[in-house]
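Down below is the structure, laid out as structure tokens.
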Amino acid sequence: MPDLSNVYLYGEVGIDVDASFIRAAIDESPDGIDLRINSGGGEVFEGQAIYSLLNQYKVKTGNPVRVFVDSLAASIASVIAMAGDEIIMAENALLMIHNPWTWGGGTAKELRETANVLDKVRDTLVTVYETRTGLSRDTIGALMDEETWFNAKEAVEMGFADTIISPSQVAAASIKAFSYNHAPDELVAAQQPVGQEQQKKLAPHRRNRAAVHLRRLKSR
2 MPDLSNVYLY
12 GEVGIDVDAS
22 FIRAAIDESP
32 DGIDLRINSG
42 GGEVFEGQAI
52 YSLLNQYKVK
62 TGNPVRVFVD
72 SLAASIASVI
82 AMAGDEIIMA
92 ENALLMIHNP
102 WTWGGGTAKE
112 LRETANVLDK
122 VRDTLVTVYE
132 TRTGLSRDTI
142 GALMDEETWF
152 NAKEAVEMGF
162 ADTIISPSQV
172 AAASIKAFSY
182 NHAPDELVAA
192 QQPVGQEQQK
202 KLAPHRRNRA
212 AVHLRRLKSR
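To convert, take the position in the sequence shown, counting from 1, and add 1; that gives our numbering.
Laid out in structure tokens, this is it:
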């Protein structure tokens, strides 16, 4: 196999890395991609776009995409990981799946519409995991309901990854922005604090982008 281009998906999807970055990286990867992931998650629609870009790249070029989970692939980052022809996890890496969520506001009718959109998004994510793992939709749905965190061994056993390699020295990406309910204690303890000013700066951006995506989906 020829040397593959390293593409780093490190940080929050939609903030630190977005689909336009991945598209540019694809254009510079003539022989295939080694996608290296260390992400606590991010914007689901941006992540779905990245997943689609990677699959389109494979179909169009016939080139491989290998995914390395260097430390963490949580939430939508785990969906992106499923685009790999081979998914390789560091021995000390984690992968997490859960139900999509968003910031919401508005009338009762508008909130019901938002819930319907989230149900549709959830179905698309279940399909991605089902295609990769061969697990039943009911099993995957139950795992998502519980916000399930897999270590490398568990991920391989369940079909979310293929291979385990030696432990990584890369510190896990931040999950401070996401308020996950069942993150492992050791991951929470190792997190670097995020400054209040940075949180204030990013929060409106996240809400606005989520609202725009929801309005687009509702209008379809």
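Every residue gets a Cβ at the ideal spot worked out from N, C-alpha and C, and that includes glycine.
Residue i to residue j span [Cα, whole Å]
i	j	result
residue 159	residue 21	32 angstroms
residue 27	residue 186	36 angstroms
residue 137	residue 149	16 angstroms
residue 11	residue 108	37 angstroms
residue 154	residue 70	13 angstroms
residue 16	residue 135	32 angstroms
residue 84	residue 92	20 angstroms
residue 124	residue 100	10 angstroms
residue 182	residue 63	40 angstroms
residue 5	residue 66	8 angstroms
residue 152	residue 142	19 angstroms
residue 128	residue 192	31 angstroms
residue 31	residue 188	36 angstroms
residue 61	residue 126	23 angstroms
residue 35	residue 132	21 angstroms
residue 140	residue 33	33 angstroms
residue 7	residue 89	14 angstroms
residue 147	residue 29	39 angstroms
residue 177	residue 190	11 angstroms
Residues near residue i in its chain [Cβ-Cβ closer than 6 angstroms; skip 5 each side]
i	result
residue 19	47
residue 197	Low per-residue confidence applies at residue 197: pLDDT is 47, beneath 50, and the placement is therefore not dependable enough to give any value.
residue 228	With the chain running from 2 to 221 in the structure shown, residue 228 is simply not present.
residue 72	39, 94, 169, 171 and 173
residue 9	37
residue 1	Only positions 2 to 221 of the chain appear in the structure, and residue 1 is not among them; the question remains open.
residue 13	43
residue 58	27
Same chain only: Cβ atoms within 7 angstroms of residue i, ignoring 5 sequence neighbours per side
i	result
residue 98	79, 130, 144, 145 and 149
residue 24	54
residue 74	38, 40, 82 and 96
residue 56	84
Inter-residue CB distance, residue i and residue j (contact presumed, cutoff 8 angstroms)
i	j	result
residue 175	residue 41	6 angstroms
residue 45	residue 77	5 angstroms
residue 184	residue 96	Actually they do not touch by this definition, with Cβ atoms about 12 angstroms apart.
Close beta carbons around residue i, own chain, < 8 angstroms, minus the five adjacent residues each side
i	result
residue 87	65, 67, 68, 163 and 164
residue 52	80, 81, 83, 84 and 129
residue 167	91 and 92
residue 102	119
Handout entry: beta strand (DSSP E) runs contained entirely in the stretch 118-161, provided each spans 3 or more residues
Key = 149-152
Practice task
Could I get the ranges of all uninterrupted alpha helix (DSSP H) runs contained in the stretch 33-97, with 4 residues as the minimum, in chain order?
Solution key: 45-62 and 77-82
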